[in-house]
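In the UniProt record's numbering, the protein residues as written are 1 to 368. Notes follow the structure.
As structure tokens, then:
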């Protein structure tokens, strides 16, 4: 069974019902401070941590005096706009005593599905983590109408975990794991400690949401588990309402772990290798040796470029003899790549008129 402290990079999803008191609509400040203690503890062990947090609509509706029942779209967006400010400030105030910098990242599911926006999201999150910050990720509910209607951050958390190559995803929930049935309705329902494969029988056991604040039910958590484990990320569902929920999980709290069969990097390489290339980039002998040594592809080592492709599209990488070396996601369009071909990275801004990324294809976006 997985252990929390074994992870190199961890994504934690926090549901609305954990952050917001169901009766008063107020923030559960003491609980949030305890979560901040857990984050500081994990970061102290050298771990990267990303928090995917619900709660903006739940907080905003209380401030605006809106009912806890289902809201019309425009009221949901208004509640999100008001609540998001308070949510970001709450995380900042909770983590600041631990000298941890927070960053607000608002995304939609489309940001992970569109290759260009995917690369932008990934680069931003990677940079924040490299600088020691804790990104607080939430759906951009003020404009993302589909996300408000679908309403769960479980799937978004899984996509974030796969995007950044996380080892583990923890869903802090109002239940302590995945059961054979709804334990509130079926006293004989039993909890799984480990799920190695999500079969149709497992899916059939999932129920719907019962919380008055959260919208994601067990079905959405299984969707998240399928996405995460396919990307090489193990996932756990555990009860999040006690104080210090992550430390409690590490100390043996009830949970269900969904195991991953591949490590995140191998799963990502397999995903890239399976794409249909939109163009070809030929490199010189020096660049070919650098790639084989695990380096990124820089413009200086490129000799020719063919095809019409956009930023984030997959392209084949060919050696000087025409032999296929692999493929990767290009950080420039075909026209931009041709303009900087053979140039030093320091010349990119003068050539394109704006500061670009040093690598044409980063090693993390390459399958050889």
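All C-beta atoms, glycine included, are put in the ideal place defined by N, C-alpha and C.
Counting C-beta pairs closer than 8 Å gives three or more between the segment 249-267 and the segment 227-240, which meets the contact rule. For residue 322, the secondary structure class from DSSP, reduced to helix, strand or coil, is coil. For secondary structure counted as the alpha helix (DSSP H) over 4 or more consecutive residues, the segment 145-192 holds these complete runs in sequence order: 145-150 and 154-163. Counting along the chain, residue 48 sits inside no alpha helix (DSSP H); it lies in the beta strand (DSSP E) bounded by residues 48-53. Residue 125 and residue 301 have their C-alpha atoms spaced approximately 27 Å apart. A Cβ-Cβ separation of about 6 Å places residue 288 in contact with residue 325 under the 8 Å criterion. Taking residue 248 as reference, the option from 183, 266, 222 and 176 with the minimal CA-CA separation is 176.
Cβ contact annotation for residue 285 (same chain, cutoff 8 Å, sequence separation greater than five): 319 and 320, in chain order. A distance below 8 Å between beta-carbons, with the five flanking residues on each side excluded, links residue 47 to the following residues of its chain, in chain order: 5, 7, 8, 9 and 10. Residues 363 of the same chain have their beta carbon placed closer than 7 Å to that of residue 295, with the five preceding and five following residues left out of the count. Residue 85 and residue 106 have their C-alpha atoms spaced approximately 12 Å apart. Closest in C-alpha terms to residue 276, from the list 304, 327 and 264, comes 327. Just so you know, the alpha carbons of residue 139 and residue 16 end up roughly 13 Å apart.
The residue among 361, 323, 3 and 290 with its C-alpha nearest the C-alpha of residue 312 is 361. Nearest to residue 98 by alpha-carbon distance, out of 162, 62, 315 and 133, is 133. In this structure, the alpha-carbon of residue 219 lies about 21 Å from that of residue 58.
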